[in-house]
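A.B. asks:
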Amino acid sequence: MSKYCVAAHNICATADFAPKLLYCSDDAEARGFRMIIMEYLDGTALDQRFNKGDTIDVSHSLTIYRDVKFAINELHNKNFVFANLRPPNILIFGTGKNCILTSLTLIGVEDTMWTVIHHQ
C-alpha cells in the first residue's frame, strides 16, 4: 500500500472501529510502499457473509449500521472522509464486537479532495 491514512486509522481504532495498528513503515523503508501490520481479529467481511447465503438478524443488521455510521461520523468530526465504504471493508463478528472498518486507504481531508463524497 502506498497511500494509507494512519491518522484516520487511529481515529477508528481508538473508538474500537478498526483493528489496532501495530506497525506502519514509512515509504522509504519499503521502496515506496508502506508495510502495515494490524492486530488479528477473527471476523468475516460483510460481502463474504452474504456470498455464503447466510442471513443476519435484523437487530444485528441495525447494530452494524449504527457502528458504521458512528465510525464514519468519528472520521467526519476530524475532517476525514472515508471513500472506500463497501461490504468487503466492513468486518463483522458474531458476538461481542459488532463491526469494524478495514482498508482505510481512500481517505481524504474534507474541503481538499473528497468534499463531494462527504456532502452527498
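Be aware that the sequence shown starts at 1, since it is given in the UniProt record's numbering, and climbs by one per residue. Cβ coordinates follow ideal geometry from the N, Cα and C atoms, glycine included.
(1) CB Lys78 to CB Ile36, shorter than 8 Å?
(2) Look up Cys99 in the DSSP assignment and say whether it is helix, strand or coil.
(3) Considering only C-alpha positions, which residue in the set Tyr23, Gly32, Tyr4, Leu41 is nearest to Ile90?
(4) Within the present structure, is the beta-carbon of Gly43 separated from the nearest heavy atom of the ligand SAM by less than 7 Å?
(5) Taking the continuous alpha helix (DSSP H) assigned at Leu75, which residues delimit it?
(6) Please report the residue range of the alpha helix (DSSP H) in which Phe50 lies.
(7) Suppose the cutoff is 6 Å on Cβ atoms and the five residues either side in sequence are ignored; what does the same chain contact list for Asp67 look like?
(8) Span of the beta strand (DSSP E) holding Cys24?
(9) What's the C-alpha gap between Thr44 and Val6?
(10) Take residue 149 as the anchor and find which of Gly32, Phe17, Phe80 has the nearest alpha-carbon.
(11) Which residue marks the beginning of the alpha helix (DSSP H) containing Ile12, and which one marks its end?
(12) Per DSSP, which residues does Met38 bridge with? Please list them.
C.D. replies: Quick answer:
(1) Note that the C-beta distance between Lys78 and Ile36 is not below 8 Å.
(2) In this structure, Cys99 counts as strand in the three-state DSSP scheme.
(3) When the alpha-carbon of Ile90 is set against those of Tyr23, Gly32, Tyr4, Leu41, the nearest one is in Leu41.
(4) Only the bare structure without any ligand can be found here, which leaves the ligand SAM out of the picture.
(5) Where Leu75 is concerned, the enclosing alpha helix (DSSP H) stretches over 58-77.
(6) Under the DSSP assignment, Phe50 falls in the alpha helix (DSSP H) whose first and last residues are 46-51.
(7) Excluding the 5 residues flanking it on each side, Asp67 has same chain C-beta neighbours closer than 6 Å at Asn98, Cys99, in chain order.
(8) Segment 21-24, the beta strand (DSSP E) holding Cys24.
(9) Looking at the two C-alpha atoms, the distance is approximately 23 Å.
(10) This structure cannot speak to residue 149, because the chain is shown only from 1 to 120.
(11) According to the sequence as given, residue 12 is Cys; it is not Ile. Residue range 6-14 is occupied by the alpha helix (DSSP H) that includes Cys12.
(12) Leu21.
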